[in-house]
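**Q** There's a structure below that I have some questions on.
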Amino acid sequence: AATDPAMAAGDTDHAIAPDHLLELGILQQLENDTSVEFVVDMINIFIPETQQRLANMQKFATQGDLQALDDEAHTLKSSAETFGLIPLKAQAVAIEQACKTKDTSQIEMLMQQMPSLLNASLQQLSMRYHGASQA
-13 AATDPAMAAG DTDHAIAPDH LLELGILQQL ENDTSVEFVV DMINIFIPET
37 QQRLANMQKF ATQGDLQALD DEAHTLKSSA ETFGLIPLKA QAVAIEQACK
87 TKDTSQIEML MQQMPSLLNA SLQQLSMRYH GASQA
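Residue numbers (my numbering): -13 to 121.
As structure tokens, then:
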């Protein structure tokens, strides 16, 4: 399987160290620009929306609806970056690129990796703000 350059950094046989899932500097800047309470509120919205987005992406990948999958990956890319989830953003970028080139084998591989990466990323985000997504 070809390695996507966007995933090469930090991807060692699908086992990304938890401390590499979250770029704390981005979150600290977001807190400074708004407030911790605002960030927690945003995360409590982001987590269930992102879980639904994954379900949509899986459905679109299975159906072969590459345009819809591309759209969902694009949205995930932006929101993941907002919360400092850089490996998740990179995975979304790779899915976007594979959709644009209609590389279905690459899409299949990337989508197989997505649930564990997404869940680990959301868990790190939730742990950072104790109580986020537990409401």
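Even glycine gets a Cβ: it sits at the ideal position worked out from N, Cα and C.
Sort G50, S65, I33 by Cα distance to L170 and report the nearest one.
**A** Since the displayed the chain opens at -13 and closes at 121, residue 170 lies outside it and no answer follows.
**Q** If you compare alpha carbons, which of S91, V79, I72 is closest to H161?
**A** Any answer about residue 161 is impossible in this case: the structure gives the chain only from -13 up to 121.
**Q** Is E82 helix, strand or coil by DSSP?
**A** DSSP places E82 in helix when its eight states are reduced to three.
**Q** Buried or exposed for M100, please, with buried defined as at least 16 other CB atoms from any protein chain shown within 10 angstroms of its CB.
**A** Buried, since its Cβ has 16 or more Cβ neighbours within 10 Å.
**Q** What does a CB cutoff of less than 8 Å around Q120 pick up in its chain, not counting 5 residues either side in sequence?
**A** In this prediction, Q120 has a pLDDT of 46, which is less than 50 and means its spatial position is unreliable; nothing more can be read from the coordinates.
**Q** How far does the alpha helix (DSSP H) with S91 in it reach, from first residue to last?
**A** Looking at the DSSP string, the run of the alpha helix (DSSP H) that includes S91 is 90 to 114.
**Q** What residue from T20, L74, A47, P34 has the CA that sits closest to K88's CA?
**A** Ranking T20, L74, A47, P34 by Cα distance to K88 puts A47 first.
**Q** For the alpha helix (DSSP H) containing D35, list its first residue and its last residue.
**A** Sequence inspection shows Glu at residue 35; the Asp mentioned does not correspond to that position. Residues 22 to 49.
**Q** By the 10 Å Cβ neighbour count, where 16 or more other Cβ atoms means buried, how is V25 classified, buried or exposed?
**A** With 16 or more other Cβ atoms within 10 Å, it is buried.
**Q** Grouping DSSP H, G and I as helix and E and B as strand, with all else coil, what is T68?
**A** Helix at T68.
**Q** Should V79 go down as buried or exposed, given a rule of 16 or more other Cβ atoms within 10 Å for buried?
**A** So V79 counts as buried.
**Q** Assign G50 to buried or exposed, taking buried as 16 or more other Cβ atoms, counted over all protein chains shown, within 10 Å of its Cβ.
**A** It counts as exposed.
**Q** Can you tell me the Cα-Cα spacing of S21 and S91, whole angstroms?
**A** C-alpha separation (whole angstroms): 42 Å.
**Q** Per DSSP, what kind of secondary structure is E9 in: helix, strand or coil?
**A** Note: E9 maps to coil in three-state DSSP.
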